[in-house]
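Student: Numbering (our numbering), first residue to last: 4 to 370. Even for Gly, the Cβ is constructed at its ideal location relative to N, Cα and C. Please read all numbers here as calculations on a predicted model, not as lab measurements. Shown below is the structure under consideration.
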C-alpha cells in the first residue's frame, strides 16, 4: 500500500516549498537553513565520532566545550556514518537519506497505528499527514534525530499493542540510542511486559522486551559517565551546555504566562499556544479507545518536555515524538465528510508548514 508514503512525501514537499518561499522573501538560502543548528553536531559526529580534538561548534551557551558533543546520542549520526560509506555519498547526503527512509518507516507505522486504534484506514492516513505537518516538523527533513526516533518509537508501540515482544524490545533498545526521551518509551515497554508476565498468558516472551528495552539508553549513559568520570555525566553535560534540567515545569509555566500576557512576537505567542494545545490533546487521549500504552507514552513525553527548562522555543519540536497526541484529532477528522476532513487537514498542513519555515527563516533561536 503506497498511501502512507505518498501522503508523507507530499506533506513534506509542501513544507519544503513553504521554506523555499519564505527563504526567498528574506533573501536566504533554504539549504543553509536545513543544515543549521544541531545539524552541525550530528554531521560532525558522523564524520569524526566523539573525538574532542579541534572542537569549534558552539553549544547552547555559546561555548566551545569539548564535552558538549556528548549531549547528542549516537544512533542517528552513526547510522549516517554507515550510509556515508556508500560510493558517492557524503555525510550530509547520507543524513538526508536516513531521514527519508526513517520518515517513510514512521509513516507506515503511524498508518497501522491509526488503523488499530480506530479500525479505519482513513484515520491512519490522516495521522500520517498531521504528523508530517506538525509544528517544527521541518526537522524531519533536516539532519536531526527526530525522524529516526519516531520511526523506532511507533514500531515499538506497535510491538506492545500486537504482543510482538521481540520487536518491541529491540526497537525500544535502538530508540534509546537515538534520544534521551527514549526513557518514556522504555517505561511503557517494561511496564507492559511486567503486566503480561503477571497475567502469564504469553509465557516468558515478554521477558525479552523487559530485558532488552533499557539496554540502548543505559549503555550510552554509562559510556558518557565513563568519559566524564561522573555517574550522572550526561545530565551534567546537558545542564552545562544547554541549561536543560528537570524543574517541574516552572520555566515552561513562566514562559507560557509571559508569552500570553506580555510578549508581542508572533512566533512566541504561537509556541505558547502549541504547548497548551499539547496538554489539551493529552487530556483527549484519555479516550477509552486509545490503549493505555499509547496514553502513558504521550503523558510521559509531554511531562518530560514541559517539565524541563532550557530553550522554550524548541519545545514544539521536542513534542514531535509525542505523536499519540494526534490520534484524537486524526479520529475526529477522519469521521467527518471527505470535504470537511480535507479542509481540516489542509489548514493544519498550512499552519504547520508556515510555523516550521518561520522558525527557520525569521525567528533566530527556535532550533
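Between which two residues does the alpha helix (DSSP H) holding residue 175 run?
Tutor: 168 to 178 is the span of the alpha helix (DSSP H), which, as asked, contains residue 175.
Student: Have a look at residue 278 and residue 288 and give me their C-alpha separation to the nearest angstrom.
Tutor: Those two C-alpha atoms are separated by around 15 Å.
Student: Give me the DSSP bridge partner(s) of residue 249.
Tutor: Bridge partners of residue 249: 311.
Student: Please state whether DSSP places residue 276 in a helix, a strand or coil.
Tutor: Correct three-state label for residue 276: helix.
Student: What is the DSSP secondary structure of residue 202, reduced to helix, strand or coil?
Tutor: Residue state, collapsed to three classes: helix.
Student: Along the chain, where does the alpha helix (DSSP H) containing residue 23 start, and where does it finish?
Tutor: Unbroken alpha helix (DSSP H) run through residue 23: 6 to 28.
Student: Where does the unbroken alpha helix (DSSP H) through residue 99 begin, and where does it stop?
Tutor: Unbroken alpha helix (DSSP H) run through residue 99: 94 to 121.
Student: Which one of 204, 161 and 87 has the shortest CA to CA distance from residue 120?
Tutor: It is 161.
Student: Below 9 Å between beta carbons: does that hold for residue 94 and residue 83?
Tutor: Going by C-beta atoms, residue 94 is nearer than 9 Å to residue 83.
Student: Indicate the three-state DSSP secondary structure (helix, strand or coil) for residue 339 in the structure shown.
Tutor: Coil at residue 339, not helix or strand.
Student: With a threshold of 16 other CB atoms inside 10 Å of the CB of residue 35, please say whether the residue is buried or exposed.
Tutor: Burial call: exposed.
Student: Is DSSP giving residue 32 helix, strand or coil here?
Tutor: Note: residue 32 maps to coil in three-state DSSP.
Student: For the 8 Å Cβ check, are there 3 or more pairs between the region 306 to 319 and the region 355 to 369?
Tutor: Touching, yes, given that three or more Cβ pairs across the two stretches are closer than 8 Å.
Student: With H, G and I counted as helix, E and B as strand and the rest as coil, what does DSSP make of residue 409?
Tutor: Because the chain here runs from 4 to 370, residue 409 falls outside it and cannot be looked at.
Student: When you compare only the Cα positions, how much space is there between residue 150 and residue 269?
Tutor: Rounded to the nearest angstrom, the two C-alpha atoms are 27 Å apart.
Student: State the start and end residues of the unbroken alpha helix (DSSP H) segment that holds residue 48.
Tutor: First-last of the alpha helix (DSSP H) with residue 48: 41 to 51.
Student: Helix, strand or coil for residue 268 per DSSP?
Tutor: Note: residue 268 maps to coil in three-state DSSP.
Student: Answer yes if the region 25 to 42 comes into contact with the region 132 to 151, meaning at least three C-beta pairs across the two stretches below 8 Å, and no otherwise.
Tutor: Touching, per the Cβ criterion.
Student: Measure the CB-CB distance between residue 337 and residue 164 and report whether it falls below 9 Å.
Tutor: No.
Student: Can you tell me whether residue 202 is buried or exposed? The criterion is at least 16 other CB atoms within 10 Å of its CB, across all chains shown.
Tutor: Residue 202 comes out exposed.
Student: Can you tell me which of the three DSSP states residue 365 falls into?
Tutor: Three-state DSSP puts residue 365 in coil, outside helix and strand.
Student: Note down, in chain order, each residue of its chain lying with its Cβ closer than 6 Å to the Cβ of residue 208, except the 5 sequence neighbours on either side.
Tutor: Same-chain partners within the cutoff: 168.
Student: If I'm right that residue 46 touches residue 98 with Cβ under 8 Å, what's the distance once you round it to whole angstroms?
Tutor: Residue 46 to residue 98, Cβ: 6 Å. Contact.
Student: Going by other Cβ atoms of all chains shown within 10 Å of its Cβ, with 16 needed for buried, is residue 257 buried or exposed?
Tutor: With fewer than 16 Cβ atoms within 10 Å of its Cβ, residue 257 is classed as exposed.
Student: Among 18, 225, 344 and 96, which has the Cα closest to the Cα of residue 125?
Tutor: Cα-wise, what sits closest to residue 125 is 344.
Student: State the CB to CB distance for the pair residue 364 and residue 70, rounded to an integer number of angstroms; the pair is presumed to be in contact (CB under 8 Å).
Tutor: 32 Å between Cβ atoms; not a contact.
Student: Looking only at its own chain, which residues have a Cβ that is under 6 Å from the Cβ of residue 227, when we skip the five neighbours before and after it?
Tutor: The residues are 73, 236 and 237.
Student: Beta-carbon within less than 7 Å of residue 376's beta-carbon, same chain only, minus the 5 sequence neighbours each way: which residues are those?
Tutor: No answer is possible for residue 376: it lies beyond the span of the chain, which begins at 4 and ends at 370.
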